[in-house]
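Trainee: Have a look at the structure that comes next, please.
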Amino acid sequence: MKRVETECTLTVNGVDHAVSGLHPGESLLDTLRERCGLRGSKGACEEGECGSCTVLVDGEAVCSCLTMAAAVSGRSIVTVEGIGEAGAADLQDAFLRAGAVQCGFCTPGLIVAADALLTRNSSPSVDEVREGLAGNLCRCTGYGRIVEAVLDTASQRREQP
Amino acid sequence: MPVLIPENLAELREAACSHDPVLLAGGTDLMVALNHRSQRIESDLTVVSLAQVPELRSWSHDPTSGELTIGSGITWSQLERAPFDALAPALAQAARTVGSPQIRNAGTIGGNIATASPAGDGLPVLLALDATVDSVGSDGERSTPLSELLTGTKRTSLAPGEVIVAVRFKVDDGWQGYAKIGVRNAMVISVAGVALVLDGTARRARIALGSVGPTVLLAGEASAFLTSEFDWDAWTCSEATIATVAEMAAEESRPIDDHRSTAEYRRHGVRVLTSRLLKRGRERR
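Line by line, the protein sequences are chains C and X. Numbered per our numbering, the first sequence spans residues 5 to 165. Numbered per our numbering, the second sequence spans residues 2 to 286.
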């Protein structure tokens, strides 16, 4: 049985990070930002409301603030830094083109959530995009341009698979 | 603070029984408490993660008996989709109202039961379905009706180190639905929730209420009245029956005023949701 005390190895964006000094109950968000040097994932509410810390664990979008770092040792973690490398730079481009980025704080979480949404559903409706991004709060844009960016990416991917 | 990650049920039993641990399922309640320091994990306390135990992530459906067994580690995201949306539509409806996609990818049905919040969205549905909870602890295995397992607000009869393995119930011919009220459609903790099961095989109706009492409640009198008044052959009931059942369910609720709503509004919510579900239920089977 695997037992983690204060040290473990996290596999983030395909790279193994040996982390140490974990404090009791430390969230994956804190570990990524403070120990792995990956500050794309943002911390705000730390209770799963805002979605700005969204990452993929074994392909599923989850709040890294609600994920205990020690418990996901050995599983595949993808952060916003890994989304571009994995070939979803089109999503980031679409956000920029649509004007879906204002202050930018929510953007990393939205990119990861949108990527997970498009992986599951390659031609979502407006309602499905809104429902798929319901766990990500943006206080700047009013969401219209974000939805537009995701729909644009979906149609681009369908045309140029 | 060691975190143990058992990889099968035997390892889980060993870990849970010998350490009096904090059990970590999806983390969507526990981590909030830890992040906000409302719950501390002492450095000598052991955390046991339930996420890597395949037995908890499995499910089965016996078409002969009609019994559906859902592993405690099945997530809301799974429950929203096939095959659960067809086998247990009310549970799928409840699953869809939980948190956000991120929360639903992490949160589990077992965690919902063990946390035992009166606002837990799965609980009214499981209570209306008369579900049984299978668990393992230091005293061995046991099966407990959900109604007995839930003893109060965030209280259960689970012993320290006792782990919920699965929840099971019969999915019979009939109709079932769940509806809830909150301040918006997404990311909302229920202000009032109602589950209705019209069991065409047993010819029995069960109505359960969430967020309107110290724990989820079975509206026993409303359920009994509907069972006797529902025309099970023609699959219908009168407007007057709907109004009476809705009123009885509202009377049986035991809501309070708190930061989320008022007792009066919650009782009104139960009346409206019960009526709405019954109108849907009598339309189709």
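Cβ atoms here follow ideal geometry from the backbone N, Cα and C, with glycine treated the same way.
Give a yes or no on whether the minimum CB-CB distance between A1/X and chain C is below 9 Å.
Mentor: The structure shown does not extend to residue 1/X, since chain X is modelled only from 2 through 286, so no value can be given for it.
Trainee: For G55/C and chain X, any beta-carbon pair shorter than 9 Å?
Mentor: Your numbering for residue 55/C matches position 51 in the first sequence. Taking Cβ atoms only, chain X reaches closer than 9 Å to G55/C, which makes this a yes.
Trainee: What are the residues of the region 87-103 of chain X that lie near chain C, defined by any Cβ-Cβ distance shorter than 9 Å?
Mentor: Listed by position along the chain: R97, G100, S101, P102 and Q103.
Trainee: Enumerated in chain order, which unbroken segments of the alpha helix (DSSP H) with a length of 4 residues or greater are wholly contained in the region 213-264 of chain X?
Mentor: The qualifying runs are 221-230 and 240-253.
Trainee: Write down the C-beta distance between G138/X and G162/X rounded to the nearest angstrom, noting that I regard them as a contact closer than 8 Å.
Mentor: Walking along the second sequence from the start, residue 138/X turns up at place 137. Walking along the second sequence from the start, residue 162/X turns up at place 161. Contact flag correct, Cβ pair sits at about 6 Å.
Trainee: Among the residues of its own chain, which have a CB less than 8 Å from the CB of P146/X, if the five just before and after it don't count?
Mentor: The sequence position of residue 146/X within the second sequence is 145, counting from 1. The residues are D131, A132, T133 and V134.
Trainee: Excluding five sequence neighbours on each side, which residues of the same chain lie with their C-beta closer than 6 Å to the C-beta of I257/X?
Mentor: As a position in the second sequence, residue 257/X is number 256, starting the count at 1. Closer than 6 Å at the Cβ level, and outside the excluded window around I257/X, lie A264.
Trainee: Run through the DSSP bridge pairs and tell me what T29/X is partnered with.
Mentor: Here residue 29/X refers to the residue found at position 28 of the second sequence. In the DSSP output, where bridge partners are listed per residue, T29/X has none listed.
Trainee: Between K4/C and chain X, is any beta-carbon pair separated by less than 9 Å?
Mentor: Residue 4/C lies beyond the range of chain C shown here (5 to 165); nothing can be said about it.
Trainee: For the region 84-142 of chain C, list the alpha helix (DSSP H) runs that are entirely contained and at least 4 residues long, ordered along the chain.
Mentor: Within the region 84-142 of chain C, the complete alpha helix (DSSP H) runs of at least 4 residues are 84-87, 93-102, 111-124 and 130-136.
Trainee: Between which two residues does the beta strand (DSSP E) holding G211/X run?
Mentor: Within the second sequence, numbered from 1, the residue matching residue 211/X stands at position 210. That run of the beta strand (DSSP E) goes R205 to G211.
Trainee: With a 10 Å radius around its C-beta and 16 neighbouring C-beta atoms as the bar for buried, classify R281/X as buried or exposed.
Mentor: Your numbering for residue 281/X matches position 280 in the second sequence. Exposed, since its Cβ has fewer than 16 Cβ neighbours within 10 Å.
Trainee: Using only CA atoms, which one of R161/C, T145/C and N140/C lies nearest to C49/C?
Mentor: Within the first sequence, numbered from 1, the residue matching residue 49/C stands at position 45. With distances taken between Cα atoms, C49/C lies closest to N140/C.
Trainee: For C69/C, verify whether its CB is less than 8 Å away from any heavy atom of the ligand SAM.
Mentor: Absence of the ligand SAM from the depicted structure is noted, as is the absence of any ligand whatsoever, leaving it without description.
Trainee: Residue range of the alpha helix (DSSP H) that T15/C falls in?
Mentor: Residue numbering aside, residue 15/C sits at position 11 when the first sequence is read from its first letter. Looking at the DSSP string, T15/C is not in any alpha helix (DSSP H); the run it does join, the beta strand (DSSP E), is C12 to V16.
Trainee: Would the region 71-83 of chain C and the region 115-125 of chain X be scored as touching if the rule is three or more Cβ pairs under 8 Å?
Mentor: Segments in contact, no.
Trainee: With DSSP as the reference, please indicate the residues paired to Q177/X in a beta bridge.
Mentor: Here residue 177/X refers to the residue found at position 176 of the second sequence. BP columns for Q177/X point to V198/X.
Trainee: Starting from the C-beta of L10/X, find all residues in its chain whose C-beta is less than 8 Å away, skip the five residues before and the five after it, and write them out in chain order.
Mentor: Locating residue 10/X in the second sequence gives position 9, counting from the first residue. Answer for L10/X: V54, E56, L57, V137 and V166, listed in chain order.
Trainee: In chain order, what residues of the region 142-165 of chain C put their CB closer than 7 Å to some CB of chain X?
Mentor: Answer set for the region 142-165 of chain C: empty.
Trainee: Could you list the residues in the region 110-136 of chain C with a C-beta less than 8 Å from some C-beta on chain X, going in chain order?
Mentor: Listed in sequence order: A117, A120, L121, E135 and G136.
Trainee: Roughly how many angstroms separate the alpha carbons of L51/X and F109/C, rounded to a whole number?
Mentor: Counted from its first residue, the second sequence places residue 51/X at position 50. Counted from its first residue, the first sequence places residue 109/C at position 105. Approximately 32 Å between the Cα atoms of the pair.
Trainee: For Q164/C, count neighbouring C-beta atoms within 10 Å of its own C-beta (all shown protein chains included) and say buried if the count is 16 or more, exposed if not.
Mentor: Indexing the first sequence from 1 puts residue 164/C at position 160. Exposed, because fewer than 16 other Cβ atoms sit within 10 Å of the Cβ of Q164/C.
Trainee: Can you name, in chain order, every residue of its own chain whose Cβ lies under 6 Å from the Cβ of G201/X, other than the five neighbours on each side?
Mentor: Indexing the second sequence from 1 puts residue 201/X at position 200. Cβ within range, chain order: D174 and G175.
Trainee: Please identify, using Cβ separations under 7 Å, the residues of the region 24-52 of chain C that lie next to chain X, in order along the chain.
Mentor: Listed by position, the residues of the region 24-52 of chain C near chain X (Cβ gap below 7 Å) are P28, G29, S31, E50, E51 and G52.
Trainee: Please determine, among R39/C, T71/C, V16/C and L36/C, the residue with the shortest C-alpha to C-alpha distance to G29/C.
Mentor: Against the first sequence, residue 29/C aligns to sequence position 25. Comparing Cα positions, the closest option is T71/C.
Trainee: Relative to the alpha-carbon of L88/X, which residue among V213/X, A196/X, R277/X and K171/X has its alpha-carbon at the smallest distance?
Mentor: Locating residue 88/X in the second sequence gives position 87, counting from the first residue. For L88/X, the nearest C-alpha among the options comes from K171/X.
Trainee: Have a look at F231/X, G221/X, D234/X and L92/X and flag the residue whose alpha-carbon is nearest the alpha-carbon of V168/X.
Mentor: Here residue 168/X refers to the residue found at position 167 when the second sequence is read from its first residue. Comparing Cα-Cα distances from V168/X to each of F231/X, G221/X, D234/X and L92/X, the minimum goes to L92/X.
Trainee: State the CB to CB distance for the pair R272/X and A251/X, rounded to an integer number of angstroms; the pair is presumed to be in contact (CB under 8 Å).
Mentor: Counting from 1 along the second sequence, the entry for residue 272/X is found at position 271. Counting from 1 along the second sequence, the entry for residue 251/X is found at position 250. Right, the Cβ-Cβ distance comes to about 4 Å (below 8 Å), so this counts as a contact.
Trainee: Straight-line CA distance for D119/C to A203/X?
Mentor: Working through the first sequence from its first residue, we reach residue 119/C at position 115. Working through the second sequence from its first residue, we reach residue 203/X at position 202. Taking the straight line from one Cα to the other gives about 46 Å.
Trainee: Which first and last residues belong to the beta strand (DSSP E) in which V172/X is found?
Mentor: Taking the first residue of the second sequence as 1, we reach residue 172/X at position 171. From DSSP, V172/X is part of no beta strand (DSSP E); its letter is neither H nor E.
Trainee: Do you know how far the Cα of T157/C is from the Cα of S101/X?
Mentor: The residue you call residue 101/X lines up with position 100 of the second sequence. The residue you call residue 157/C lines up with position 153 of the first sequence. If you take the alpha carbons of S101/X and T157/C, they lie about 22 Å apart.
Trainee: Taking 9 Å as the threshold (C-beta atoms), are I6/X and V8/C in contact?
Mentor: The residue labelled residue 8/C in the question sits at position 4 within the first sequence. The residue labelled residue 6/X in the question sits at position 5 within the second sequence. The answer is yes: Cβ separation under 9 Å.
Trainee: Please list the partners that L14/C has in chain X, where partner means a Cβ-to-Cβ separation under 7 Å.
Mentor: In the first sequence, counting from the first residue as 1, residue 14/C sits at position 10. Per Cβ cutoff of 7 Å: no residues; L14/C is ~13 Å from chain X at best.
Trainee: Looking at the strands, I want to know which residues DSSP matches up with M72/C.
Mentor: Taking the first sequence and counting its residues from 1, one reaches residue 72/C at position 68. M72/C pairs with S31/C.
Trainee: Classify H269/X as helix, strand or coil using the three-state DSSP reduction.
Mentor: Residue numbering aside, residue 269/X sits at position 268 when the second sequence is read from its first letter. Three-state DSSP puts H269/X in a helix.
Trainee: Tell me which same chain residues have a C-beta within less than 6 Å of the C-beta of A96/X, skipping the five on either side of it?
Mentor: Translated into positions along the second sequence, residue 96/X becomes position 95. Correct list, in chain order: W77, L80 and E81.
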